[in-house]
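J.: Before we start, here is the structure in question, set down as C-alpha cells.
Protein chains: 2
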Amino acid sequence: MKATIYDVAREAGVSIAAVSQVINGKGKISEERRAKIMDVMERLGYKPSVIAAALTGKKTYTLGLLVPDISNPFFAEIARAVEDRVDHHGYSLVICSTDNQDERVERYLTLLQQKSVDGIIIGTGIEDKELLAPILAKSIPVTMIARGLPGEAIQTVTVDDYEGGRLAAQHLLSLGHTSMAVLAEHPKVTSSQERIRGFREAMAESGQTLPEYFVKSGGRDLIKDGKRNASELMRYAERPTAIFCCNDLLAIGALQAARELGISVPRELSVIGFDNTILATVTNPALTTIAQPTERMGGLAVDIILQKNGEQPDESSRTVLAPELIVRQSTAAPLR
Amino acid sequence: MKATIYDVAREAGVSIAAVSQVINGKGKISEERRAKIMDVMERLGYKPSVIAAALTGKKTYTLGLLVPDISNPFFAEIARAVEDRVDHHGYSLVICSTDNQDERVERYLTLLQQKSVDGIIIGTGIEDKELLAPILAKSIPVTMIARGLPGEAIQTVTVDDYEGGRLAAQHLLSLGHTSMAVLAEHPKVTSSQERIRGFREAMAESGQTLPEYFVKSGGRDLIKDGKRNASELMRYAERPTAIFCCNDLLAIGALQAARELGISVPRELSVIGFDNTILATVTNPALTTIAQPTERMGGLAVDIILQKNGEQPDESSRTVLAPELIVRQSTAAPLR
DNA sequence: GTTTTTGCTCAAATCGCTTTGCTTGGCAGT
DNA sequence: ACTGCCAAGCAAAGCGATTTGAGCAAAAAC
C-alpha cells in the first residue's frame, strides 16, 4: 500500500542505497540523480518509515512524558510547553498519566522502553527509586521535571519549591498574619514537602511557628480534599487567618469551603495557592498564588534530554528556576 | 546493551523462533522449554522491541491524538479519557496540539504516518478536507472526536451540538429571557456553528429571533476574546440579558467582563457556557453550562478505532451523544 | 600511454523480530 | 519391521531502512 524505499529505487532506476543517501543528505550523489530521486519520492508520496530507520540504530524521534494526570491544568500546561519544544526538534510526545501510582509508572516505563523512545521526562513523583534502575541501566536519557528525586543522580528541572514556600509566607507575614495553616498534597509528594519547609522557615524567621495540626494533607481528588481539610481548619476554635495551599486545586477547595461556611475571602481568610494555573485567574476572588515558569521548565527539560544545550544546561545536573509571587485578590490583611 | 531475542535464544539453547513463539503464545512448544525460555527472559530482563515487531507487520500499539491545545481543560479531559481507554488496550498515545492550524495538522499527520501509528483520533477542526486524503489512502484508521467533518465518510463521535444549543436556549427561555446574545469560537469551528443553530432554532420556536449583531466570534485566546466581545455586547443601548457562550472559556471571559463593568451575574446578566470543564465549577458564580460526556466520548472513539466494539458502534459511522444541561449559579430570571 | 586519483553507484550485511514450511524423532497402526 | 503421523523445533526469508566497502569509469598525474 504505502510506498517503500524499494519502490522509489525501482521507479527511479537506482539502488536503494542511492535513495537512502538522498534522504539523509549523505554520501555522494550527482545532482542529476538527486533531482530525479527527489522527484520520484514526491510523485509516489514516499515518506521513510521511522520504524525501519529506528531499527538500524537511528532515533525514534519520540519522547515520553509521565505526569500524574494530564487533565490537571498544571500538568496540561507543562505538557504543552514540553510538546512545543519537542515538536520544534522534530520529535513527538507520548503522554502517560500515572495517577501518582508507582505501579503505573513502572508499567509505562517498560512500555516506553519497549518502544525505544529517545528519552523520558518524568513529571510525576516516584516513591520507589528502584523503578528507574532498569531504564537507567539501559542508558535511556531521563530527566525529571517539576518534581525531584532526592539523592539520585538524575537531571532535574524544578522551580525552587523551598523559595516558593518562603515567598508565600513572606507575603502573608507582611500582610500581618500570625495564624497560618497549610494544605498539602499527599505526604509523599516531595515538592509539597519542600514548599512547606520554606513556608515554615520563613515563619520561624519571623518568630512564628507552624503547629502540626495546622498542616493537612490530601489524597487523590485535590479540590475535594482541599475543601474538606479547609472546612476542618475553619472549625477550630482558634482558626487560622490564612491558608497556604500547595497547589491551586487545593486552594480552590479552600475557597469553596470558605464560601460554604460563609467566611469571606480575603476579609476573614486569606488563601494563597501555588502553580498559577489558569484556574487561579478564574476564581472569585482571583487567587493569589506562586507562579512556576512552566514554559521555561518544559523547554529546558527537553533541551537537556536532547542535549541541545539550548540554554546551556549541564553545568549542574539540577536546574532550579525562580518562583514568582502573583498577588491577586484572595489575600489581604487579617481582621484586627 | 539491551538484551535481544538472540541473547535469550543462545542463553536458553534454543532457536530464536522458539523464543518468538513463547512470546506470542503461538506454535508448539513443550511445557518444559517454554518454562526454561520464560525463565531466561526474566533473568535477562528481556522485553521484546516493539519497533522490530512492528516492522514485521505487527502493530505499533500507538495511537495519535490531535487536539487544538492540550492545555485547554476541555481537551485535556478528552485526552485523559482517551488515554485511559487506550492504555486499557495496551496502547500508548501520542498527543499533538494543532492550535487549529491546518498547516500543523498536516505536519502532524505525516509525522504520525511515518511512525506507523495504528490509528489517529482527530479532535481538532479541519478546514481543508484534502488534508485527510493521504492518510485515508494509506488506510490508516481515523476517527473524529468532539468535532465533525460534514460530508466526509469518517467515523465520528460527538455530542449533539445542535441539541446542546437548544438546551441552552430552552433553559434561558424558561427563565424568561427575551434578549439573548451568543459568543462563539472562530467561525470555522463547526461545533460552534451547530450550537448556534440549535440555539437559534429553539429561540425561533419561541417566536424570538437572534439578531446577527448579537453573535460574536473570537480567535485564538478564548478568554480574552470572550471578555472583549462580552464588553462590547454590554455597551449596546439595548443590551442582552443573557449570553450563551460556545464554551466555558468564552463564558469565563464574559464573567470577567461583567465583573469589570459592575454588572451582576446572574441578577443583571445570565451566562451559560458549554463543555462543563473543571473551570465551570470554580468560577464565582459557578457556571451553568452544557456538559459533554467526555469520558464516554474518549472511550468510544478508542473502541471504534480499535474496532473492539466495546459498545457496539459501527452501526452508524456517526455516534452522537446527548449533552446535558448543568444548572449552577450563573443563570437566573432577568430583571423585570 | 599507463597509473593514480576522484567521484559515483550499488551489492550486501545488519537491526530484532515474525512466520512459514521443512526436519526429525518417537509412536501407533498393521 | 515398515509405513504413516504427529508434535516439537529450527532454518531461512522477509519487513524497510542504513551503511560500508568494493567496483568502475572518467579525470588527473606522471
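Taken in sequence, the protein lines are chains A and B. So in this note's numbering the end of the first sequence lands on 410, straight run, no missing numbers. So in this note's numbering the end of the second sequence lands on 410, straight run, no missing numbers. Beta carbons are placed, not taken as given, at the ideal position from N, Cα and C, and that holds for glycine. On a predicted model such as this, the values are computed, not experimentally measured, just so you know.
To the nearest angstrom, how far is it from the Cα of Ile-400 of chain B to the Cα of Ser-305 of chain A?
T.: Position 326 of the second sequence, counted from the first residue, corresponds to residue 400 of chain B. Position 231 of the first sequence, counted from the first residue, corresponds to residue 305 of chain A. Each residue's alpha carbon lies about 26 angstroms from the other.
J.: Quick test of the definition: if touching needs 3 or more C-beta pairs under 8 angstroms, does the stretch 143-160 of chain A touch the stretch 81-90 of chain B?
T.: With the cut-off at 8 angstroms, the stretch 143-160 of chain A and the stretch 81-90 of chain B do not touch.
J.: Do Gly-193 of chain A and Asn-174 of chain A have their beta-carbon atoms positioned less than 8 angstroms apart in this structure?
T.: The count along the first sequence starts at 1 and reaches residue 174 of chain A at position 100. The count along the first sequence starts at 1 and reaches residue 193 of chain A at position 119. No, the Cβ-Cβ distance between Asn-174 of chain A and Gly-193 of chain A is not below 8 angstroms.
J.: Of the residues that make up the stretch 175-200 of chain A, which ones have a beta carbon closer than 7 angstroms to any beta carbon in chain B?
T.: Going along the stretch 175-200 of chain A in chain order, one finds Thr-184, Leu-185, Gln-187, Gln-188, Lys-189 and Ser-190 with a Cβ nearer than 7 angstroms to chain B.
J.: Could you round the C-beta distance between Gly-238 of chain A and Ile-144 of chain A to whole angstroms and report it? I think they count as a contact, below 8 angstroms.
T.: Position 164 of the first sequence, counting from 1, holds the residue named residue 238 of chain A. Position 70 of the first sequence, counting from 1, holds the residue named residue 144 of chain A. Contact doesn't hold; Cβ gap of about 23 angstroms is too wide.
J.: With a threshold of 6 angstroms on Cβ separation, who are the neighbours of Glu-180 of chain A within its own chain once the five nearest residues in sequence on each side are excluded?
T.: The residue you call residue 180 of chain A lines up with position 106 of the first sequence. These residues qualify, in order along the chain: Leu-205.
J.: Taking only the alpha-carbon atoms, compute the straight-line gap between Asn-383 of chain A and Ser-391 of chain A and give it to the nearest angstrom.
T.: As a position in the first sequence, residue 383 of chain A is number 309, starting the count at 1. As a position in the first sequence, residue 391 of chain A is number 317, starting the count at 1. The pLDDT assigned to Asn-383 of chain A is 40, lower than 50, so where the model puts this residue is not dependable, and the model offers no usable value.
J.: Short of 8 angstroms in beta carbon distance, which residues of its chain neighbour Thr-232 of chain B, apart from the five on each side in sequence? Order them along the chain.
T.: For the purposes of this step, residue 232 of chain B is taken as the residue at position 158 of the second sequence. Hits under 8 angstroms: Met-218, Ile-219, Ala-220, Arg-221, Gly-222, Ser-265, Met-371, Arg-392, Thr-393, Val-394 and Leu-395.
J.: Taking Cβ positions only, does Ile-379 of chain A come closer than 8 angstroms to chain B?
T.: Taking the first sequence and counting its residues from 1, the one referred to as residue 379 of chain A is at position 305. No - not a single Cβ of chain B is within 8 angstroms of the one on Ile-379 of chain A.
J.: Using a Cβ-Cβ cut-off of 8 angstroms, state whether Leu-129 of chain B counts as contacting chain A.
T.: Position 55 of the second sequence, counted from the first residue, corresponds to residue 129 of chain B. Answer yes: the Cβ-Cβ gap between Leu-129 of chain B and chain A drops below 8 angstroms somewhere.
J.: Would Ala-348 of chain A and Arg-269 of chain A be called neighbours here (beta carbons separated by less than 8 angstroms)?
T.: Taking the first residue of the first sequence as 1, we reach residue 348 of chain A at position 274. Taking the first residue of the first sequence as 1, we reach residue 269 of chain A at position 195. Looking at the sequence shown, residue 348 of chain A is not Ala but Phe. Yes, the pair counts as a contact, with Cβ atoms nearer than the cut-off.
J.: Rounded to whole angstroms, what is the Cα-Cα separation between Cys-320 of chain B and Ile-352 of chain A?
T.: Numbered from 1 along the second sequence, position 246 holds the residue referred to as residue 320 of chain B. Numbered from 1 along the first sequence, position 278 holds the residue referred to as residue 352 of chain A. Each residue's alpha carbon lies about 19 angstroms from the other.
J.: What separation, rounded to the nearest whole angstrom, lies between the Cα atoms of Glu-151 of chain A and Asn-350 of chain A?
T.: Here residue 151 of chain A refers to the residue found at position 77 when the first sequence is read from its first residue. Here residue 350 of chain A refers to the residue found at position 276 when the first sequence is read from its first residue. If I take the Cα positions, the gap works out to 10 angstroms.
J.: Please name the residue, chosen from A:Lys-212, A:Ile-214, A:Ala-211 and A:Asp-202, that lies closest to Gly-225 of chain A on a Cα-to-Cα basis.
T.: Translated into positions along the first sequence, residue 225 of chain A becomes position 151. Comparing Cα positions, the closest option is A:Asp-202.
J.: In whole angstroms, what separates the C-alpha of Glu-369 of chain B from that of Met-254 of chain A?
T.: Here residue 369 of chain B refers to the residue found at position 295 when the second sequence is read from its first residue. Here residue 254 of chain A refers to the residue found at position 180 when the first sequence is read from its first residue. Roughly 39 angstroms between the two C-alpha positions.
J.: Along the chain, where does the beta strand (DSSP E) that runs through Gln-282 of chain B open and close?
T.: In the second sequence, the residue the question calls residue 282 of chain B occupies position 208. Segment: none, Gln-282 of chain B is in no beta strand (DSSP E) and carries neither H nor E.
J.: In chain A, which residues lie with their C-beta within 9 angstroms of the C-beta of Leu-167 of chain B?
T.: Locating residue 167 of chain B in the second sequence gives position 93, where the first residue counts as 1. Correct list: Val-168, Ile-169 and Cys-170.
J.: Please list the partners that Lys-121 of chain A has in chain B, where partner means a Cβ-to-Cβ separation under 7 angstroms.
T.: If you number the first sequence from 1, residue 121 of chain A lands on position 47. Per Cβ cutoff of 7 angstroms: Thr-184, Gln-187 and Gln-188.
J.: Under 6 angstroms Cβ to Cβ from Ile-111 of chain A, same chain only, skipping five residues before and after it: list those, please.
T.: Locating residue 111 of chain A in the first sequence gives position 37, where the first residue counts as 1. Closer than 6 angstroms at Cβ, skipping near neighbours: Ala-86, Val-93 and Val-96.
J.: Report the residue from A:Asp-234, A:Glu-342 and A:Leu-296 whose alpha carbon sits nearest the alpha carbon of Glu-398 of chain A.
T.: Position 324 of the first sequence, counting from 1, holds the residue named residue 398 of chain A. The option with the nearest alpha carbon to Glu-398 of chain A is A:Asp-234.
J.: Should Gly-281 of chain B go down as buried or exposed, given a rule of 16 or more other Cβ atoms within 10 Å for buried?
T.: Working through the second sequence from its first residue, we reach residue 281 of chain B at position 207. Exposed, because fewer than 16 other Cβ atoms sit within 10 Å of the Cβ of Gly-281 of chain B.
J.: Of all the CB atoms in chain A, is at least one closer than 8 angstroms to the CB of Thr-357 of chain B?
T.: Walking along the second sequence from the start, residue 357 of chain B turns up at place 283. Thr-357 of chain B counts as touching chain A.
J.: Does the stretch 112-122 of chain A come into contact with the stretch 100-111 of chain B, if we say contact requires no fewer than three beta-carbon pairs (one atom in each stretch) closer than 8 angstroms?
T.: The stretch 112-122 of chain A is not in contact with the stretch 100-111 of chain B.
J.: Whose CA, out of A:Thr-283, A:Arg-313, A:Thr-252 and A:Asp-295, lies closest to the CA of Ala-71 of chain A?
T.: Outside the shown range of chain A, which is 75 to 410, sits residue 71 of chain A, and nothing can be said about it.
J.: Confirm, please, whether the CB-CB distance from Ile-378 of chain B to Val-345 of chain B is below 8 angstroms.
T.: To locate residue 345 of chain B, count along the second sequence from 1; it is residue 271. To locate residue 378 of chain B, count along the second sequence from 1; it is residue 304. Cβ atoms of Val-345 of chain B and Ile-378 of chain B: not closer than 8 angstroms.
J.: Let's test the definition: count the other Cβ atoms within 10 Å of the Cβ of Val-357 of chain A and tell me whether it reaches 16, buried, or not, exposed.
T.: Within the first sequence, numbered from 1, the residue matching residue 357 of chain A stands at position 283. Note on identity: in this sequence residue 357 of chain A is Thr, with Val being the wrong assignment. That one is buried.
J.: Whose CA, out of B:Tyr-236, B:Lys-100, B:Thr-78 and B:Leu-335, lies closest to the CA of Gln-267 of chain B?
T.: Translated into positions along the second sequence, residue 267 of chain B becomes position 193. Considering only alpha carbons, the answer is B:Tyr-236.
J.: Given that a residue counts as buried once 16 or more other Cβ atoms are within 10 Å of its Cβ, and exposed if not, what is Gly-197 of chain B?
T.: Reading the second sequence from its first residue, position 123 is the one you call residue 197 of chain B. Looking at its Cβ environment, which holds 16 or more other Cβ atoms inside 10 Å, Gly-197 of chain B is buried.
J.: Show which residues of chain A have a CB atom less than 8 angstroms away from the CB atom of Ala-91 of chain B.
T.: Walking along the second sequence from the start, residue 91 of chain B turns up at place 17. Near Ala-91 of chain B there are no residues of chain A at all, since even the closest Cβ is about 19 angstroms away, more than 8 angstroms.
J.: With a cut-off of 8 angstroms on the beta carbons, I'd call Gln-188 of chain A and Pro-122 of chain B a contact; round off their distance for me.
T.: Locating residue 188 of chain A in the first sequence gives position 114, where the first residue counts as 1. Locating residue 122 of chain B in the second sequence gives position 48, where the first residue counts as 1. The pair is a contact, with the Cβ atoms about 7 angstroms apart (cut-off 8 angstroms).
J.: What do you reckon, are the CB atoms on Tyr-256 of chain A and Leu-284 of chain A nearer than 8 angstroms?
T.: Numbered from its first residue, the first sequence carries residue 256 of chain A at position 182. Numbered from its first residue, the first sequence carries residue 284 of chain A at position 210. Looking at the sequence provided, one finds Val at residue 256 of chain A rather than Tyr. It is a contact, given that the beta carbons lie within the stated cut-off.
J.: Which ranges does the alpha helix (DSSP H) cover as unbroken runs of at least 4 residues, wholly within the stretch 297-373 of chain B, from first to last along the chain?
T.: DSSP runs (the alpha helix (DSSP H)) wholly in the stretch 297-373 of chain B: 322-334.
J.: By the DSSP assignment, the alpha helix (DSSP H) with Glu-237 of chain A in it spans what residues?
T.: As a first step, residue 237 of chain A is located in the first sequence; it is residue number 163 there, counting from the start. Its alpha helix (DSSP H) spans residues 235-249.
J.: Taking only beta-carbon positions, decide if Asp-143 of chain B is within less than 8 angstroms of chain A.
T.: Along the second sequence, one-based indexing puts residue 143 of chain B at 69. It does; some Cβ of chain A falls within 8 angstroms.
J.: Is there a C-beta anywhere in chain B that falls below 8 angstroms from the one on Pro-314 of chain A?
T.: Indexing the first sequence from 1 puts residue 314 of chain A at position 240. For Pro-314 of chain A, the answer is no, since every Cβ of chain B falls outside 8 angstroms of its Cβ.
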